[in-house]
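Here the structure comes first, spelled out in structure tokens, and everything after it is commentary.
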Amino acid sequence: MLIADYTVLSKQHSSKIELVNYQYSGNTHNVIAGIGLVNMLWYELESGQVVPIDYRIYDKDTDGKTKNTHFCEMLSIAKQRGIVPEAVVMDAWYSSLKLVRYIVDTLIEI
Numbered sequence: 001m002l003i004a005d006y007t008v009l010s011k012q013h014s015s016k017i018e019l020v021n022y023q024y025s026g027n028t029h030n031v032i033a034g035i036g037l038v039n040m041l042w043y044e045l046e047s048g049q050v051v052p053i054d055y056r057i058y059d060k061d062t063d064g065k066t067k068n069t070h071f072c073e074m075l076s077i078a079k080q081r082g083i084v085p086e087a088v089v090m091d092a093w094y095s096s097l098k099l100v101r102y103i104v105d106t107l108i109e110i
């Protein structure tokens, strides 16, 4: 199973770091200074083992990419690497019809 996740690495005391932006953190349920990280993890259903397979720093002001764009790129790379998931799970903020169609279209070819 592939898991897509977005995490904010708290940098509340480091406002001068280049990638630090104010963004909502689900851990604190508040807006904090931090670095956004889009992660893709492989979860082995039988063993319960979790392996990070890709990650991206989220900084739309620098590269113009949305979280969903990063997700699509990481899913395509996972496919190129031969990773064949039984399922793809993600937070609700990823859920758009366009993204669900992309997942189906990408994985149907496997």
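Residue numbers (full-length UniProt numbering): 1 to 110. Cβ atoms here follow ideal geometry from the backbone N, Cα and C, with glycine treated the same way.
Discussion item. Just to confirm, is the Cβ distance from Lys67 to Val38 under 9 Å?
Written reply: yes
Fill in: Which residues DSSP lists as bridging Ile3, in chain order
Leu41, Val89
Practice prompt. Check the C-beta distance from Glu86 over to Leu45 and give it rounded, since I have them as a contact under 8 Å.
Written response: 7 Å
Worksheet item: Which residue or residues does DSSP assign as beta-bridge partners of Asp54?
Response: Met40
Fill in: Enclosing alpha helix (DSSP H) for Tyr102 [first to last residue]
97 to 108
Worksheet item: Of all the options Tyr102, Tyr94, Val8, Ile57, which has the alpha carbon lying nearest to the alpha carbon of Asn30?
Response: Val8
Worksheet entry | Exposed unless 16 or more other CB atoms sit within 10 angstroms - verdict on His13 | exposed
Worksheet entry | Opening and closing residue of the beta strand (DSSP E) in which Gln23 lies | 21 to 25
Fill in: Residue(s) in a DSSP beta bridge with Ile77
In DSSP, Ile77 forms no bridge with anything.
Worksheet item: CB Gln23 to CB Ile17, shorter than 9 Å?
Response: no
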